[in-house]
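Report on one structure; see the data block that follows.
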Amino acid sequence: MLRQFDVIVVSERFANGSTIPPTPPFTDPSLGWFFVDDINKGLEASEAEWIIVASEQVKVTREFLNNLAECNASFPMVDALAPRIRTANGFVGAKVIGKKGDFVQIDENASIRYVAAPQPDIAAFSRRIVQRTGRVDNSLTEEFQLADYSLRMLHAGGRMLNIPYLVIEGSPDNKSQNTKEYNAGCIKTLYKSLGISAAGKFALRHPQSWISLFSELKALNIKRKAAISLSKMTAEMLHEIRE
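Residues 268 to 510 (the numbering used here) make up the sequence shown, in order.
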């Protein structure tokens, strides 16, 4: 019988067994914990119905998992959830594709809606969508791994939902201190799942990002072909994740 939840805690600290994994904050027969430096290692080991991917900057508690279970029961056809993070300065939430082509955070008071990407520190995926979407692209920076996965998930027929009352405590840091690195990750993520028009719209405001795209275009085209093959994404699904 499958476990209800597996929690994949991702940190470079856990690379090559260089750090003894921390003791989980709590245990339960229906819960598995994986402390890894690569999300894919956790996905390969997971046997749960729902998989939570988290950084060390958020606190996965019993209360959070109970709330997640309630959301799963309320929205049984949803394949992924993007929790809000409650910080000392307010909430940070999921992201949509903005009018100018970038990823933009939804309003703090946004209602239930589909989104393009979660915050990089926390997301929850159903086992069924993970099986259809495959591995995380770890050639991308941490900032964009889950964003890329969530957009690719659209082609597999899944969607990510923002539910305002699904909240986790945390103190996320700014992943991309380097603007050039952020822009490179953003344009590659957009191109892989949404194509040259989405990438071009972003590049109109960040022209140097073209260099990052074209320097890896051959490899990105292979990944794009794999992502969109037999795509189930519709115009309506794409509209729902826009600002």
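Cβ coordinates follow ideal geometry from the N, Cα and C atoms, glycine included. Since we're looking at a predicted model, the values are computed, not measured.
Below 8 angstroms, can you find three or more Cβ-Cβ pairs linking the region 300–310 to the region 352–366? no
So, helix, strand or coil for F301, using DSSP? strand
Between which two residues does the alpha helix (DSSP H) holding F411 run? E409 to H422
What residue range does the beta strand (DSSP E) around K367 cover? No beta strand (DSSP E) holds K367; DSSP gives it neither H nor E.
On the three-state DSSP scale, how would you describe K499? coil
State buried or exposed for A340, treating a residue as buried only when at least 16 other CB atoms are found within 10 Å of its CB. exposed
Identify every residue that forms a DSSP beta bridge with K515. The structure shown does not extend to residue 515, since the chain is modelled only from 268 to 510, so the question has no answer here.
Can you name the start and end residues of the beta strand (DSSP E) that L428 belongs to? M427 to N429
Does the separation of the CB atoms of W317 and S378 fall below 8 angstroms? no
What are the start and end residues of the beta strand (DSSP E) that includes A384? Unbroken run through A384: none, as it is neither H nor E.
Would the region 472–490 count as touching the region 425–444 if we require 3 or more Cβ pairs under 8 angstroms? no
Are A347 and S417 touching if we call contact CB-CB under 8 angstroms? yes
CB of I435 within 8 angstroms of CB of V325, strictly: yes
Identified DSSP bridge partners for A321: V276 and I389
What do you reckon, is the C-beta of I306 under 7 angstroms from a heavy atom of the ligand GTP? This structure simply doesn't include the ligand GTP, nor any ligand for that matter.
I'd like the span of the alpha helix (DSSP H) that includes I454, first residue to last. T446 to R472
Close Cβ partners of Y458 (< 8 angstroms) along its chain, the five nearest in sequence each way excluded: A465, A466, L480, L487 and R491
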